[in-house]
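Chains as they are written, first to last, in the numbering used here: chain A, 1 to 410; chain B, 1001 to 1273; chain C, 2001 to 2308. Data first, discussion second: the structure below is written as structure tokens.
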């Protein structure tokens, strides 16, 4: 008996010792042939990964002493990065968009940027720097962005005999057009919006109407539930109630692609798909509320460095490469270029499907999203999501005024 | 057992209805894989594609290094299945046919390991595997299977407990030791459940994508399931390639299932005598 | 002599040794770590901060979602577990019937479980789409206006159940293996004694497969609480949080809100709940589970000559 007990104890101890071997094995960050290892994580989808790998290979070929490995996380990017950060095993370089959540694990890049000189920084659209910084420091170099714009289906407009939208349209214009289209075209809806929009994106409507989720001090009261905010929610809800707009379960792209809706607001992500599908579409600025030019939310992706990277210099070399003009040009189609020089050389502003996005970029320059101001944004975001549902879900359709007041209380 | 005509008809009707429920999503998926992406999301939905685009499958396969993924999947699946079958049968036998001190407590501990939600032990496990240097290898996916998994141990233990005592008694009288009894008597009896566990494990590992997602980093180590999940991007999902690969991935497990069915059914009539 | 005795005593331990080693090396470390984490505020990249029972207190007193999610998971378990088991058993019995072509049906019922979980969720998401999905389209053909499955809070949980029942094949297979291995002589003897099929099912089949029923019951309960992937991809926890299962709640706390300590506490509470439920089931099992090794005699008589 004693013997058995002893055996068990020894086994338990061994097991714990294996784990307790606390000091994490020092990984010197070098490959077997002495090159410096840099891990690069991206969120691009399957079909783009091959192209990315080719680019990474190019970098490796040009740099004898650095070897970059590409880690394509796809849709699970957040999970992987969280797991990596939580266990102190971050990639050296990674795409980044959610700075408030991850800034603690990122390396501030201001000093690196300065070393590159004025021109480097200036070539990027100014507004983008705000979106890639947090708490005063820059944590990411912009590599792409999108604003939102109004997409419309030219064929449906023709069918209904309605004049196409212009950059000066207001929401009243949209409503009128949508009504006519729904009446005249069987089975089609004039406008669609998301039933559960990303709270981050939705704030742009509040901005367009002169309000926001929070003020500079981060207070919800008087902002999220201001009359202007309630107006915005009410407008969309009425569109749905009057049945000339549909609240879509997903982004609305599928409904637009298949020709079931005539208009929707979205980022530039769907442009390639729409072109492939052969949809005859046009793009204009987001409609205004009549009081001020409309504003769009900016979704900017940047490329960041891990605070704990062992090869920061090499990582920076790679970051520079990935944010160069050449790379920016290659990514057109996946994202909108962020460099003035590239936009000019490629004549982006002359392309009618891209120009409105840049106009919106100019119009949206002084706004800071609540996610950068409000402390526990992820919880607020979840609560806002629920509020959206309560207002836009056909089974709920609650009074926006009440819902917003409640949301502020929480 | 002779069956009346009426019962037969009833049974066929029931089978048919259930088959409808199970098959229709699958058939819908099968047909949609041949469509263009526009057709796939069209409304009203049409069952048949305008043209049968066989090249969808080729394109999907070439979209990512699925050949490599296939190899990795095979390695992991075979590696874990062999490991599970061996280790789980040993452990289940220990729990089912012996009485020893602490048996019940240990068994409760075993069961409770099934109840731990994975996403929370994931990060500590990740750290542990990092310490071992196993991250970005297939090791974290294969090696733990050689130490048994509560689910299969439990399953086999239940089967084992249903075998009458006389079997062991006879063998013991003949002077066999425990291991011989395990090997010569119980293993044959257990064959159907060994195969069952093999099939169940094979299929769940083949489709597992959480494990590979967390522990693997570069594409050369990915398994099929992870490659499949990669078609789901942050904004849009590439439906057609996803369906094509899903269908391709179903083929090996189905084949194995059909083959294994025979053995699961073999029954114990022979060995009892 | 003594050596032999020690070996004999040690034998069972030797058999279960693989699991013990695996447990010590792979399981217990992370387990204890996660328990420790639950007593801290553990943000992603900054330093953890000890809060003692703070996380637990917060769950029970100020976090309303905790109770809501728990209730949803309990509701789901209460409906889904028995439903799933009955369907599995029903199907297993169906495919043991000696009718022609039953093998084909066996495979058909099993195919869904072989489809990758990710694909299944996306597939059902499509089919169940309120405005443009196939199910509602089919219903409309026979004149029924289908509910917006994934949008209407009243129906969403049913949608999740429909989608998860899709995977019943596994359980069916386990039942089937057990049933198929009951020696045919038992049934024949009963037939001779005049028992009809229904009687045979209740008096022979059911008692013999009770160990498997126990297994499926317990594993079903456990997996219904841990349900994350399907619901995350199908409904995201909505609409209006009506399908915000406890597993998803924990996952979001960890990976969306980056509150690892809090999520660990969530997980441990779930663990305790499942443990209690399982213990209850086990306790009750002595009343209704029938292991042959214990009963011993009854089977023997039937086999010995097939006659009474």
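Every residue, glycine too, gets a C-beta built ideally from N, C-alpha and C. Just so it is clear, the structure is predicted and the values come from calculations on it, not from any experiment.
Rounded straight-line distance, which links the Cα of residue j to that of residue i
i: residue 1254 (chain B); j: residue 238 (chain A); result: 51 Å
i: residue 2278 (chain C); j: residue 2077 (chain C); result: 13 Å
i: residue 355 (chain A); j: residue 300 (chain A); result: 17 Å
i: residue 1086 (chain B); j: residue 1171 (chain B); result: 22 Å
i: residue 2254 (chain C); j: residue 2263 (chain C); result: 5 Å
i: residue 1244 (chain B); j: residue 2111 (chain C); result: 16 Å
i: residue 2083 (chain C); j: residue 2074 (chain C); result: 14 Å
i: residue 7 (chain A); j: residue 2014 (chain C); result: Bear in mind that a pLDDT of 46 at residue 7 (chain A), under 50, signals an unreliable position, so the number given afterwards is only what the model happens to contain. Rounded to whole angstroms, residue 7 (chain A) to residue 2014 (chain C) spans 11 Å at the Cα level.
i: residue 2047 (chain C); j: residue 87 (chain A); result: 12 Å
i: residue 2256 (chain C); j: residue 2057 (chain C); result: 21 Å
i: residue 248 (chain A); j: residue 1252 (chain B); result: 38 Å
i: residue 1196 (chain B); j: residue 315 (chain A); result: 50 Å
i: residue 318 (chain A); j: residue 59 (chain A); result: 8 Å
i: residue 2221 (chain C); j: residue 1111 (chain B); result: 12 Å
i: residue 1009 (chain B); j: residue 2285 (chain C); result: 37 Å
i: residue 144 (chain A); j: residue 285 (chain A); result: 19 Å
i: residue 24 (chain A); j: residue 1143 (chain B); result: Per-residue confidence for residue 24 (chain A) stands at a pLDDT of 38, beneath the threshold of 50, marking its modelled position as unreliable; no derived number is given.
i: residue 398 (chain A); j: residue 406 (chain A); result: 12 Å
i: residue 2156 (chain C); j: residue 2011 (chain C); result: 52 Å
i: residue 344 (chain A); j: residue 131 (chain A); result: 22 Å
i: residue 1270 (chain B); j: residue 1189 (chain B); result: Residue placement at residue 1270 (chain B) is flagged as unreliable, the pLDDT there being 31, under the threshold of 50; a coordinate-derived value is accordingly withheld.
i: residue 1240 (chain B); j: residue 1040 (chain B); result: 8 Å
i: residue 330 (chain A); j: residue 119 (chain A); result: 21 Å
For residue j and residue i, believed in contact at Cβ under 8 Å, the rounded distance
i: residue 1221 (chain B); j: residue 1137 (chain B); result: 7 Å
i: residue 1228 (chain B); j: residue 2119 (chain C); result: 7 Å
i: residue 124 (chain A); j: residue 404 (chain A); result: Residue 124 (chain A) to residue 404 (chain A), Cβ: 36 Å. No contact.
i: residue 302 (chain A); j: residue 91 (chain A); result: Wrong, their Cβ atoms sit about 14 Å apart, outside the cutoff.
i: residue 67 (chain A); j: residue 115 (chain A); result: No, residue 67 (chain A) and residue 115 (chain A) are not in contact; Cβ-Cβ is about 23 Å, not under 8 Å.
i: residue 1156 (chain B); j: residue 1088 (chain B); result: 6 Å
i: residue 89 (chain A); j: residue 1214 (chain B); result: So it is not a contact: roughly 11 Å between Cβ atoms.
Contacts around residue i, its chain only, beta-carbon distance under 8 Å, and the 5 residues preceding and following it disregarded
i: residue 2290 (chain C); result: 2207, 2208, 2210 and 2211
i: residue 2065 (chain C); result: 2241, 2244 and 2249
i: residue 2218 (chain C); result: 2278, 2281 and 2282
i: residue 21 (chain A); result: With a pLDDT of only 41 at residue 21 (chain A), under the threshold of 50, the placement of this residue in the model should not be trusted; the figure read from the coordinates follows. Taken in chain order, the list of residues that qualify is empty.
i: residue 1168 (chain B); result: 1097, 1181 and 1185
i: residue 197 (chain A); result: 388
i: residue 341 (chain A); result: 123 and 325
Contacts around residue i, its chain only, beta-carbon distance under 6 Å, and the 5 residues preceding and following it disregarded
i: residue 147 (chain A); result: 296, 298, 357, 360 and 361
i: residue 228 (chain A); result: 209, 210 and 211
i: residue 373 (chain A); result: 214 and 218
heavy atom of the ligand ATP below 8 Å from residue i C-beta
i: residue 336 (chain A); result: Annotation note on the ligand ATP: not contained in the displayed structure, which lists no ligands.
Beta-carbon proximity list for residue i, same chain, < 7 Å, skipping 5 on both sides
i: residue 2122 (chain C); result: 2233
i: residue 207 (chain A); result: 295 and 367
i: residue 274 (chain A); result: 257 and 281
i: residue 1070 (chain B); result: 1224
i: residue 410 (chain A); result: 383
i: residue 339 (chain A); result: 123, 124, 325 and 328
Exercise. Evaluate the contact criterion for the region 2054-2070 of chain C versus the region 2241-2248 of chain C: three or more CB pairs, one atom per stretch, below 8 Å.
Key: Judged by Cβ distances under 8 Å, the region 2054-2070 of chain C makes contact with the region 2241-2248 of chain C, as three or more pairs qualify.
Quiz prompt | Cβ contact (3+ pairs, closer than 8 Å) linking the region 1049-1066 of chain B and the region 2145-2156 of chain C | solution = No, they do not touch.
Quiz item: Per the contact definition of three or more C-beta pairs closer than 8 Å, is the region 324-332 of chain A in contact with the region 301-314 of chain A?
Solution: These segments do not touch.
Practice problem: May I have a chain-ordered list of the alpha helix (DSSP H) segments no shorter than 4 residues that lie completely inside the region 2005-2083 of chain C? | Solution: Every alpha helix (DSSP H) stretch that sits fully inside the region 2005-2083 of chain C and reaches 4 residues is listed by chain position as 2017-2022, 2028-2037 and 2054-2061.
Quiz item: Would you call the region 363-371 of chain A and the region 196-212 of chain A touching, i.e. three or more CB-CB distances under 8 Å?
Solution: Output reads yes: the region 196-212 of chain A touches the region 363-371 of chain A.
Quiz prompt | Three CB pairs or more closer than 8 Å across the region 119-136 of chain A and the region 87-106 of chain A | solution = Segments in contact, yes.
Quiz item: Should the region 1146-1162 of chain B be regarded as contacting the region 1071-1090 of chain B, the criterion being three or more beta carbon pairs within less than 8 Å?
Solution: At 8 Å Cβ cutoff, the stretches touch.
Quiz prompt | Sufficient close CB pairs (3 or more, under 8 Å) joining the region 2219-2237 of chain C to the region 175-194 of chain A | solution = Output reads no: the region 175-194 of chain A does not touch the region 2219-2237 of chain C.
Quiz item: How do the region 276-295 of chain A and the region 63-79 of chain A stand: do at least 3 beta-carbon pairs fall below 8 Å, yes or no?
Solution: Too few Cβ pairs lie closer than 8 Å, so no.
Quiz prompt | Inter-stretch contact at 8 Å, needing at least 3 Cβ pairs: the region 2172-2179 of chain C / the region 2091-2100 of chain C | solution = Yes: at least three Cβ pairs fall under 8 Å.
Practice problem: Taking 8 Å as the threshold, find out whether the region 1014-1021 of chain B comes into contact with the region 2185-2192 of chain C through three or more Cβ pairs. | Solution: They do not touch, by the three-pair rule.
Practice problem: Could you name the residues of the region 57-91 of chain A whose beta carbon sits closer than 7 Å to any beta carbon of chain F, in the order they occur along the chain? | Solution: The chain labelled as chain F is not found among the protein chains of the depicted structure, namely A, B and C.
Quiz item: Considering only residues of the region 1063-1116 of chain B, which uninterrupted alpha helix (DSSP H) runs meet the minimum length of 4 residues and lie entirely inside it, listed in chain order?
Solution: Correct list: 1066-1097 and 1103-1113.
Quiz prompt | Every unbroken alpha helix (DSSP H) within the region 2231-2257 of chain C, with a cutoff of 4 residues, ordered by chain | solution = Within the region 2231-2257 of chain C, the complete alpha helix (DSSP H) runs of at least 4 residues are 2246-2255.
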